[in-house]
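The numbering used here puts the first residue of the sequence shown at 22, with every later residue one more than the last.
Beneath this line is the structure, given in structure tokens, with notes to follow.
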Amino acid sequence: MTNAYDIIIRPIITEQSMEDLDIKKYAFEVRKDANKIEIKKAIEEIFGVEVIKVNTVNVPGKEKRQGAYPKGKTAAVKKAVVKLSAASKNIELFEGMA
């Protein structure tokens, strides 16, 4: 069995995700084989918050070029956007960034 720190890879810090902090939505990169129930339990265990909704999306890799010949691809990732309850505390990891 995997632990919570194996499921959550890193937070996603973008302009869009920073705007959603005031409505208690947080974005994370997660393992590709993790489901919504595992993601919810991992977030609640790591940060001590109450998650009410989890949305996931598989983001495919994009083709990138460096120079003329060798084409490559960025890595495909799975992204999870979690919504916390109104009574739940904020995640300290994102404080001070917005």
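Backbone N, C-alpha and C define an ideal beta-carbon position, used for all residues, glycine too.
Being a predicted model, the structure only gives us computed values, none of them experimental.
Given a cut-off of 8 angstroms on the beta-carbon distance, is the pair residue i and residue j in contact?
i, j, result
"residue 10", "residue 34", "For residue 10 there is no data in the structure shown, the boundaries of the chain being 22 and 119."
"residue 57", "residue 104", "no"
"residue 61", "residue 77", "no"
How far does the alpha helix (DSSP H) with residue i in it extend, from its first residue to its last?
i, result
"residue 30", "Taken as a continuous stretch (DSSP letters only), residue 30 belongs to no alpha helix (DSSP H), being part of the beta strand (DSSP E) at 29-32."
"residue 67", "57-68"
Hey, residue i and residue j are a contact pair by Cβ (cut 8 angstroms); roughly how many whole angstroms apart?
i, j, result
"residue 15", "residue 101", "Past the edges of the chain, shown from 22 to 119, lies residue 15, and the structure says nothing about it."
"residue 92", "residue 86", "6 angstroms"
"residue 25", "residue 66", "4 angstroms"
May I have the straight-line CA-CA distance separating residue i from residue j, to the nearest angstrom?
i, j, result
"residue 68", "residue 48", "14 angstroms"
"residue 43", "residue 31", "20 angstroms"
"residue 70", "residue 82", "31 angstroms"
"residue 79", "residue 55", "11 angstroms"
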